[in-house]
Structure formats: C-alpha cells, structure tokens
Amino acid sequence: MKRIISALLAAVLAFSLAACGSGSQPTANQEPATAASQAPAAAKTAAPAADPAPAAEPAQTGGLPVLSPSNPVTLTTWITSNYAAPSNDNKLTKLLKDKLGVTISYEIITPDNADQKIGVMLAGGDYPDLVGAVELNARFITGGALIPLDDYLKPDVADVLYTHVEPYWNRLSFDAGDGAKHIYVLPNYNRYYGEITGGTNYSASGFWIQKDVLADAGYPDIENMTLDKYFKLIKDYMAKYPTIEGQPTIGFEILAANGREWGLTNPPEYLAGAPNNGGVIVDSNNVAAIFADKEISKTYYQYLNQMNAEGVVDQETFTQTLDQYLAKLASGRVLGMYDQRWNFGNAYDSLHSAGKDERTYVSLLPVYDGYKPYYADREVMNINQGFGVSVSCQQPDVAVAFLNTLLSEEWQKLLSWGIEGEDYSVGADGLFTRSEAQRNNAKDLVWRASNRLEALLDILPKHQGTYSDGNAYSADDQPTEFFATLVDYDKDFLTKYNKKTWRDFLNQPPDNPVYYPAWNIALPDGSEAQMANTQLTDTSLQFLPKAILAAPSEFESIWSDYVAQIGKINIKAYEDAVNAGIQERIANWG
Amino acid sequence: MGSGAATNTRKRSFWSVVSGQRELILMSVPLLLYKVLFSYVPIGGWTMAFQNFKPAIRTWYKQQWVGFDNFVKLFTGLNGERFIRDIGNTLAQSLLTLVLGYVCSIVLALLLNEVKNIGFKRVVQNITYMPHFLSWIIVAGLVSTALSVPTSGGIINTVLMGLHIIDTPILFLANPGYFWGIVAGSHLWKELGWNTIIYMAAITAIDPALYEASDMDGANRYQKMWNITLPCIKSTIVILLIMSIGNVLEAGFEIQYFLGNGLIVEKSETIDIFVLRYGIQMGNFSLATVAGMFKTVISILLITGANFISGKLGEEKLI
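Chains A and B are the protein sequences, given in the same order. With the working numbering applied, the first sequence corresponds to residues 61 to 650, in that order. With the working numbering applied, the second sequence corresponds to residues 1189 to 1507, in that order.
Here's what the structure looks like:
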C-alpha cells in the first residue's frame, strides 16, 4: 500500500513538473512566432491601403480605441532618461488614470547603462509595451523589437501623431534590414510647431566656466576665446582662492565616465571649428574622417598634459563615475570643464536651488587660431530617439492612442505647464504666467517628483515651439517667464556682458548641412564599422588619460603608441559606414 | 529497499532492476528534467557561435551560418590581443583571490576554534561574515571611496598620511599595478567570515577524543592545530579547492566593472567585461557565445585536471 502511494506521489510530482516545463515552452515559442507574423501582416495591409490597419475594436473613433476610465489599461514602459520615476502620489499619474484610465508602469534606465540592457532585452525577445531609447533605438529596430507605425500614422487614424511626423517622413523612416523603410519611433525633441520662442537656454556643448571666475576677473572680454585665455582665467582664480568652502579648488574636470566618453574625445573638433559630428570631422566635400589621431587632437591633449603638470586638472578625473563627477560640480568647487549642458543639469539645478548662483556655469567657446567657433548648431530633430511600440505589446492600438492623446495640446499643456490654476494662471492677454511660489515649486526636485511626469515627458513626442494660442511649449521657453525667473545675480551677470539670454553667449549657428549630425548615423549591430568604433573609443579611453596624466616629457612616446594602436583598427570600415550614411541622407533628405 | 533486493539475485535482468527501483527512478525524474532543461538544452545555444546571429530572425536555423568566422574574430587581431590579455587578467585576479581567500579563511577558522570564550567567538564570527550580505555595487562604492584622495573621503590615504608613511595621497585606482590586489582584498573583506563557516562546521565534527589523547601526550595548542585539526579537515579543504578550480575563470564581474577605468583597463578587464562590451552591448551575441564556450571548455579541463592530480596524490576526489 505504502509503496503504491509513494509511487503515485512521485508520478504526480514528475508529471506536474513536466507539465510546467512543457506548459511554459509553447508560450516561449509562440511569442516570437506572433511577433514575426505581426510585422509582415502590418506591412501587407499597408499595400492595399483601403483597409484601416488596426484590427477593428469596439468603440473606435478615427480608427483608434477611445481611452476612458471605464476601460482601464496598464501600459508598461521602458525609458532611457536621466529623470527619476514619479513618486506614488503624483497628481498627473492620477489625472491619467481618472481621465484616460491609463496606468503607466515604469522601467527607467540612465543612458550610460542603456546599451547593455538593450543587448539583454534583444537576446530575450520580450519587451514592455512602449520602448523609449535615446540614440540607440536603431538597435531595437534592427533587432526586430518595434512594430512599424506607418499604418497608424494617417490623418484618419492617429491624427495628432500624423501631423507630428508628416513633414519629416523621409528623415524618420528607417530600414530595419528588410529593404523597406518605415517609421518605428516618434521623435522626442526638436520637432517645432509655430514660432520657436525657446533659445533662452542652451543645452549643448561648451567649455563651461564658473560665473564667479569671470566676475572675479572683472568680466573680461570673452570673444575670440582660446585655450590659453580660458585656462589663464582658471589658473588666476585658483591662485587667488585655493579653497572654496574649505575644500581645495578644482581647476578643470575631464569627464570620461562610462557612456560619457565624448567628454574626453569630442573637444578637439570644436577647437578646430567643426560642429558635433561625433568621432568624425566632415569636410566641405561631405567626406568624413576621424580626428582622434590627428594634429588637432594632439594639440589639445598635450595642452591638458601641461595643465595637469601645473595642477589644474583634477587628479581623480579619470577614476570617478558620473555620479561622483556631478557631486563634485554640485559642491561648487569645480571651476571649469568641457561638457554638454543637459549632462550636468542636475548639478546646475542643485547649485541654483542652494542659492549658489555664482557657482553655476556659463559656456565659453575656445578655438585654435584661425578657426571660428561652431559649438552651437541649429537644433536638429532627434531621429531614432523617443517612443516606439514593441512587438510584445498586446494592444498596439491602445498604445498608439495613448501617445496620440498625450500629444494633443490639452495634454501637452498639462504635462509641460501643469494644471491651470494650480501651477500657472492665464493672464488677461491669454499668456500663461506663474506666481513666485509656482516658480519656486518648479525648481524643487521633490515637488517635481509628485507633480510632474518628467521621465515620461522626456521621451514622449512634444509640441515644442508654440501652442495655437501663442503660448510657448513650456515655462522655460516662455520669454516672459525666463526673465521673470532670473535671479538677481544672473540678471546682473547678463547685464555686465550686455547679453539678454544664455544663448547669447554662443556663436550664431549657420544652417545645418543636410546630413547633420553624423553622430547619429546608426552603425549596424555586429558590423565591422561598429566594432572599429568601439575599439577606437576603447583605445582613446586607455591611452588619452595616461597621456594627460603623464609627465610632460613622456607625452610624445605615449602619443605615438596611441597613434600606432589606432593604426591597427579597421578605421576605414568605420569611415566608410559614416560616409555611406552621409551620402544616403544627402540623397533622401535634400 | 531497492538495493537490498538487487543483492539477493545478482543476475536479474535490467527491467527487473528498473521495476524494483521504480519509486526511486520516478523520484529522480523531476531532477533529471530540471538538469536537462536548464543545463543541457541551453547548450543548443552554442550553435549561435557558428552563425551571424541576428535577434530579429526568430527561427534559429534561418540565421546566416558563418562557420568559424566568429572564432577567428575573437582570437585574432586587436580583439585577440584584448581577449588574451583579459584571460590573463581573469586568471591572475581569480588565483590571487582564491589563494588569499583560502589561506585566510582556514587560518581564521583555526584561530576561532581556539577561542574558548564563546561570546567573543560569536561576535568575531558575526562581524566577519556580515559584509557577505552587502551587494557588490555597495562594496564597490565603499572601496572606491576608501581608496580615493582624503578630500573625497579616502580613509586609506588619510590613515597612511597620518602615519607619515606617505606624503602625498596614492591614486590607487589610477595605477594599474594596484588593481589585482584591490580585487583580492575586496573579496577577502567581503567573503572571509562567510568562507570560514564551512570549515568551522568541519571542525566541530572532529572527535574530541583526539584532542584529549593529545592533551595526555602533552601537545600544545599549535601542535594540536597542526597535527589534529588541519589533517581532520583536509578532505573538506581539498574538495572545496577542486570545486573552486572549476570557477577560476569566474573572477567576478561587478567589482572590475564598477572600479575599472581607462587608466587601468590593461589590468582590470576580465573575460566577462569583454563579453559585455563586445558582445552584449554591441548586440554581437555570436562573439559572446564563442567567448562563453571557450570559458566552459577551459573550466572543464581545469576541474578534471585538478581532480586527476588530487587523485594521483592520494587525496579526495570529486568524481
């Protein structure tokens, strides 16, 4: 009897485990199958064009399901952003739920960790509903993670999104590797509507310097800036103030953290009067070539080597992480660094909210003799940055409807300005204004976590420029708001330089070349070009810090080792791929 | 009961043995399935090593087959230089960690065994094994802060300068020469107490009569340690050593990843980081698979080698 029972038990156990195993297997197999079949199906319906692509669902208007609280849905999102997830009591989260019935679940990853996470996601083949990356979305597209949105992007389907992408169809469509171009990703920044009122702030590259350094030197002339002048300002200030708030003053930081290698590798192109094309300089014949091993680079790194010998460069600059770097900036004792403004925004904000406005930064534009600065460019629309709908999404039309609704002016105002009456008020002239308290709220990181959806908005398509009622997209872009929120220190600082906005410290950008910028030309996964690009970055990361920190007498020998090492890389594959991309853009975008 | 039945009649047929042991066999089926599913089925993924694998193509046999191209890519040229350097780093870091960790945890176990004050012994044990429960990201943060310059909270430099051993702070994380030591030291700090637990357990199993007998013979503490405790836990030591030889290519990943930087990459980069950078990050899954295969094959060779040598020396064997 006992035997029979134990045998039975064992059998049941074995059977149940086997069942579990086989039960999960078909689903795993099924998923890719549906994913694979979904894409061709969508492509097929595109050809006849008579049939509205999204499967007919009840309660549709304009081909998309209506989002309402009576039909609650949860959308999972994967977002690359420097912003944190909103707190649980967030009022806009509540609003989304009450008005649209949509609950967002977040997975947020910072840009420096995104590439490996993407690799893991592609290998797994299972994605959240909405996938939003920056720079690296091409990997999702060629990896088969995103569905083409062409069938939704029609005037009678996702009308708002259609208006958003329609003028830029050629730029935004991308070949996933099957020879046909589709739009997979909705651009998150720099698609402008109406008049561009922004331009008060500047978010890109420069050799940044603490405002107090300039103030202390008696607001010297900053036109025709050179490396010599820039570092002389820093050295003079360091000599005068060896400590700031009791801690040693740091002259210059060189950012080289994971995913921010451009802090080390990009400056030579600016010094040589070229705009940001990433690892290449594109000449007037539209031919791209790397500059990492050229004379313009050597001059810059040798200069840094000299500065290091004079004690201006932070000793720890190459061993610190991005967080440690930002913490140092926020401590107010770093006088200068090359960086992009968006990258150190958190440090800037925390200095600002601590009232240390003299420790915040303004950009200078040093160039070599005979070159004109080309740091600022015309804002280019992000391609392959922003949200796409994944192949794992069970209700792609709900996801598209959500994006479509949120791009409406009503929701855009809620997301960027806030709730009328609570976060801003409408003046008699129809212009949005904020009270002092409301402005202070907007500076407060804690308040923002429970009243703004910053990470979501960062990656959503946006109505930048002006709304149909003439107001700017956000408070930061509203000229009246910009001047009203300037603290006295900054007002005085701007007056001293006879400038109105931070943007005025920059060069006047000429029209962008058609292909611009070359840095976002996607190099296919696993290609020779991509391999060469990574090897080049790694080689720079290995040799340049060493060259900068070495004794000046050793610089030459390290530099020639570096150049020899670059010689072993298949640079031609990389340059050819970038040049092919440039030619392709000139042919299709022109 | 099955074995009892088997001894009765030597020449029973295979099927009668099976039926005699059917409960045992049935009970082992789930484990067998588990092993097959999670240890053997994934080996099928090795086919990726011979493909130009693209995740967008979901059917594996439709991938492009490229023969040994990926092996050539991994072992020659600039990648080859880097990979071979990384194998060296992995082995060096791993062996250093292994040897240091081994010797120190055995010594600590022996010393703790001699502590007669139970309260003190427990306190020491608790303090030494607590760091085991910290995740590597936290440990890496602690290590990086501890090794930085005094103004950034670098306690080690502060102490060394306070003792006038050095005049200017040492940039530990900017000098490749220190890195292997930092890895081994961090592992030691984190895992020392935890690793002693198994030896402490082995020591408690030693027959107290042996100690009593040696007391009669007038052995002192050191003689008892050397002649009784150590020989009695030798089999445990050897088994654990063989098992860890198989893991010698797993030098860990986290601490090298968090603390590594361009200045010290020549000593810090391990195989796992190479795989992450040139495989996963670049979507080059085939190259990552080749590196993974290589690791597995070397590990199997190492573990069978260690097992064989141990057997030759008349010591315990794993298999």
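Positions of the beta carbon are idealized from the N, C-alpha and C atoms, including for glycine. This structure is a prediction, so every number in the text was calculated from the model and none was measured.
As DSSP reads the structure, Tyr421/A sits in a beta bridge with Gln270/A. A straight-line Cα-Cα distance of about 36 Å links Phe1473/B and Ser1336/B.
In the DSSP assignment, Gly627/A falls within the alpha helix (DSSP H) that extends over Phe615 to Gly627. Between the stretch 559-570 of chain A and the stretch 434-441 of chain A, the count of Cβ pairs shorter than 8 Å is three or higher; the stretches touch.
Pairing Val394/A with Ile608/A gives a Cβ-Cβ distance that is not under 8 Å. Residue range Gly1265 to Glu1302 is occupied by the alpha helix (DSSP H) that includes Gln1281/B.
Runs of the beta strand (DSSP E) spanning 3 or more residues and lying entirely within the stretch 315-371 of chain A occur at 340-342 and 348-350, in chain order. Glu514/A is bridged by DSSP to nothing; it lacks a bridge partner. In the DSSP assignment, Gly641/A falls outside any beta strand (DSSP E) and within the unbroken alpha helix (DSSP H) covering Ile631 to Trp649. Lys473/A sits buried, since 16 or more C-beta atoms from the chains shown fall within 10 Å of its C-beta. Judged by DSSP secondary structure, Ala1334/B falls within the alpha helix (DSSP H) whose first and last residues are Trp1324 to Ala1334. Listed along the chain, the chain B residues whose CB falls inside 9 Å of the CB of Phe234/A amount to none; the nearest CB is some 13 Å away.
For Phe1462/B, the CB contacts under 8 Å within the same chain, skipping 5 residues up- and downstream, are Arg1270, Phe1271, Asp1274 and Ala1479 in chain order.
Scanning the stretch 386-454 of chain A for uninterrupted alpha helix (DSSP H) segments of 4 residues or longer gives 405-413, listed from N- to C-terminal end. Taking the beta carbon of Val180/A as reference, the chain B residues within 8 Å of it are Ile1468, listed in sequence order. A direct Cα-Cα distance of roughly 32 Å separates Tyr290/A from Tyr249/A.
Residue environment for Arg251/A: buried (at least 16 other C-beta atoms within 10 angstroms of its C-beta).
Inclusion of Ala535/A and Arg563/A in the CB contact set at 8 Å is not warranted, their separation being larger than that value. With its beta carbon at least 8 Å from every one in chain B, Pro171/A lies outside the interface. According to the DSSP assignment, Leu1212/B belongs to no beta strand (DSSP E) but to the alpha helix (DSSP H) extending over Arg1210 to Lys1223. When Ile178/A, Ile304/A, Tyr576/A and Ala299/A are compared, the shortest CA-CA separation from Arg419/A is found for Ile304/A. A residue is called buried once 16 or more other Cβ atoms fall within 10 Å of its Cβ, and Ala414/A, having fewer, is exposed. Cβ-Cβ distances below 8 Å link Ile1354/B to Asn1345 and Leu1348 in the same chain, with the five nearest sequence neighbours on each side left out; the list follows chain order. Out of Pro308/A, Phe267/A, Gln362/A and Tyr143/A, the CA that lies nearest to the CA of Met397/A is found in Phe267/A.
DSSP links Phe312/A through a beta bridge to Val373/A and Gly396/A. Using a CB distance cut-off of 8 Å, Leu1300/B does not count as an interface residue toward chain A. Shown here for Pro426/A: same chain residues with a beta carbon closer than 6 Å to its own, the five before and five after excluded, namely Phe267, Met285, Thr286, Leu287 and Tyr290 in chain order. A Cβ of chain A is located within less than 8 Å of the beta carbon of Glu1454/B. Separation of the CB atoms of Val449/A and Ala459/A is rounded to 5 Å, and the pair is thereby assigned contact status at 8 Å.
If you look at Trp471/A, you'll find it in the alpha helix (DSSP H) that goes Glu469 to Ser476.
Taking each of Glu376/A, Asp636/A and Lys559/A in turn and checking the Cα distance to Ala582/A, the smallest one comes out for Asp636/A. Residues of chain A whose Cβ lies closer than 7 Å to the Cβ of Val1337/B are, in chain order, Gln375 and Glu376. DSSP places Glu480/A in the strand class (E or B) of the three-state scheme. Contacts between Ser1340/B and chain A, judged by CB atoms closer than 7 Å, involve Glu376 in chain order. Spanning the alpha carbons of Lys388/A and Leu475/A requires a straight line of approximately 32 Å. In the structure shown, the three-state DSSP call for Val180/A is helix.
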